[in-house]
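Here the structure comes first, spelled out in structure tokens, and everything after it is commentary.
Residue numbers (my numbering): -17 to 167.
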């Protein structure tokens, strides 16, 4: 089932389309939510994202890919959860820049996850990624784990592509340093 047929099936409320949609995207939504908020609210976020998709699919015009629209909803739901946490004394992640950092082009050696995968277990990598700030975890998860393009990430987070590349570069540098420290211990 191609994306257009999937969208039409969702709009017609076809069970097969919902099952395929859930099967294809639930784990991606969960990994973004986990990287953004930690594991506490993942199930609630996945459920809320799918509820918003069901309510809003008829308004989806197809100006972007379905996955981009879905990731934007996911980020919005995560921000809503963060706002609720903020009311209880926790910090909100802000993606808006007052001043955009200088543009840095990622190089072939920036794929930190592949670089150390042979040396560290997946659990250890996840633990180390969990030590990064929420924004950095989100970017690394979206790009290196879920394989989103820079454009898809920019659309989902509503920031320029150059900002995505720059922030991802710095996030990978932080991750690289954490990985190097963990290898020494």
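Backbone N, C-alpha and C define an ideal beta-carbon position, used for all residues, glycine too. Since the model is a prediction, treat every value here as computed from it, not as a measurement.
Put residue i into one of helix, strand or coil per three-state DSSP.
i, result
"residue 73", "Reliability fails at residue 73, whose pLDDT of 48 lies under 50, so the model's placement of it is uncertain and the value that follows must be treated cautiously. DSSP places residue 73 in coil when its eight states are reduced to three."
"residue 154", "helix"
"residue 47", "coil"
"residue -5", "coil"
"residue 0", "helix"
"residue 61", "helix"
"residue 92", "Note that residue 92 scores 49 on pLDDT, short of 50, meaning its location in the model is unreliable; the coordinates nonetheless yield the value given after this. If DSSP states are grouped into helix, strand and coil, residue 92 belongs with the helices."
"residue 166", "helix"
"residue 20", "coil"
"residue 108", "helix"
"residue 147", "helix"
"residue 129", "coil"
"residue 113", "coil"
"residue 79", "Interpretation of residue 79 is limited by its pLDDT of 45, a score under 50 that renders its predicted location unreliable; the figure taken from the coordinates is listed afterwards. Residue 79 falls in the coil class under three-state DSSP."
Can you check whether the CB of residue j is closer than 8 Å to the CB of residue i?
i, j, result
"residue 27", "residue 59", "yes"
"residue 10", "residue 128", "yes"
"residue 110", "residue 161", "yes"
"residue 133", "residue 143", "yes"
"residue -12", "residue 39", "no"
"residue 17", "residue 123", "yes"
"residue 48", "residue -15", "yes"
"residue 121", "residue 153", "yes"
"residue 157", "residue 114", "yes"
"residue 106", "residue 164", "yes"
Tell me which residue opens and which closes the alpha helix (DSSP H) that residue i is part of.
i, result
"residue 32", "24 to 38"
"residue 116", "116 to 122"
"residue 139", "132 to 139"
Given the structure, does residue i come close to the ligand COA, in the sense that its CB is under 7 Å from one of the ligand's heavy atoms?
i, result
"residue 26", "The ligand content of the structure shown is nil, which means the ligand COA is not present either."
Original post:
Can we say the stretch 47 to 57 touches the stretch 138 to 146, given the rule of at least three CB pairs closer than 8 Å?
Top reply: In this structure the stretch 47 to 57 touches the stretch 138 to 146; the number of beta carbon pairs closer than 8 Å is three or more.
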